[in-house]
Structure formats: C-alpha cells, structure tokens
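Engineer: Residues in the sequence shown are numbered from 100 upward in steps of one, following our numbering.
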Amino acid sequence: QVQLVESGGGLVQAGGSLRLSCAASETIRSINVMGWYRQAPGKQRELVATITTVGNTNYADSVEGRFTISRDNAKNMVYLQMNSLKPEDTAVYYCHLRLIYTTINYWGQGTQVTVSS
100 QVQLVESGGG LVQAGGSLRL SCAASETIRS INVMGWYRQA PGKQRELVAT ITTVGNTNYA
160 DSVEGRFTIS RDNAKNMVYL QMNSLKPEDT AVYYCHLRLI YTTINYWGQG TQVTVSS
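(1) Using only CA atoms, which one of 161, 126, 110, 113 lies nearest to residue 196?
(2) If contact is defined by three or more beta carbon pairs under 8 Å, each pair taking one atom from either stretch, is the segment 151 to 158 in contact with the segment 180 to 191?
(3) Within the segment 129 to 203, note down every full beta strand (DSSP E) run reaching 3 residues or more, in order along the chain.
(4) Under DSSP, the beta strand (DSSP E) around residue 112 begins and ends at which residues?
(5) Give the secondary structure of residue 212 by DSSP, where H, G and I count as helix, E and B as strand, and everything else as coil.
(6) Would DSSP call residue 104 helix, strand or coil?
(7) Taking 8 Å as the threshold, find out whether the segment 143 to 150 comes into contact with the segment 102 to 118 through three or more Cβ pairs.
(8) Let me know the secondary structure DSSP gives residue 120 once reduced to three states.
(9) Given that a residue counts as buried once 16 or more other Cβ atoms are within 10 Å of its Cβ, and exposed if not, what is residue 171?
(10) Taking only the alpha-carbon atoms, compute the straight-line gap between residue 128 and residue 211 and give it to the nearest angstrom.
(11) Are the CB atoms of residue 189 and residue 139 within a distance shorter than 8 Å?
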C-alpha cells in the first residue's frame, strides 16, 4: 500500500506563490501518472495537473501558465509550484498516483491552500 504525504500548503495573499510537495512511501516501479487535484468547499474534486513517469504534463485551463508540476523519480517526489495565486485557487490540494494499465490508484490526505484577496 503506497502512502502519499503532501506538504507545503498554507495561507498566502493573492499574487503570491506556494510550492506543494508530495512524498511517496516507496519507489513506484510501474509506469505511472502522478498528479494534483483540488477540492474547494461545496465543489467537486477537480484535476489541477498531472505528470507521467517520463515527464509529460497536463494542466487544467484555469492554472495553465501559473502552475508547474514536476517530479523527482529518484526521490519518489512530485511537486506543484503555484505562482500568481488567486482567491479561486483556495482549496484542499490532493496528491494522486495512478498505475498505468491498472485500476490501482492512491490519494494523499490533502493540504489546505488558502489565498486571501
């Protein structure tokens, strides 16, 4: 059972930056996609960004150009650099891991990001 632990959330003013980190408890040897999702109060969880084992990325339109996802396979880490933050980015951000060609996926516990206006 892989555990994902997020860190780096907090309170920031609009226009500011935060960097989220997610650590996997073990090396993932299967081809996989890691990503970040978020859920604001009263809303459904939504995709923020994903990155494959080889570094192919995908972003939600709402964060394109402001957020950057990256990963360090040697350290079992994935990151989300968030710049030019807006109040509408306020949400709990979840780390996600999906093993390609399977239905196996894991979620972290989430980290709160609050952007004040």
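For glycine and all other residues, C-beta sits at the position ideal for the given N, C-alpha and C.
Structural biologist: According to the structure data:
(1) For the residues 161, 126, 110, 113, the minimum Cα distance to residue 196 belongs to 126.
(2) These segments do not touch.
(3) Runs of the beta strand (DSSP E) inside the segment 129 to 203: 131 to 138, 145 to 151, 156 to 158, 166 to 171, 176 to 181, 190 to 198.
(4) Taken as a continuous stretch (DSSP letters only), the beta strand (DSSP E) holding residue 112 covers 109 to 112.
(5) Residue 212: strand per DSSP, three-state reduction.
(6) Of the three classes helix, strand and coil, the one that applies to residue 104 here is strand, per DSSP.
(7) The segment 143 to 150 and the segment 102 to 118 do not touch, with fewer than 3 CB-CB distances between them shorter than 8 Å.
(8) DSSP places residue 120 within a strand segment (E or B) once states are collapsed to three.
(9) Residue 171 sits exposed, since fewer than 16 C-beta atoms from the chains shown fall within 10 Å of its C-beta.
(10) A direct Cα-to-Cα measurement between residue 128 and residue 211 gives close to 29 Å.
(11) With respect to residue 189, residue 139 sits close: the two C-beta atoms are nearer than 8 Å.
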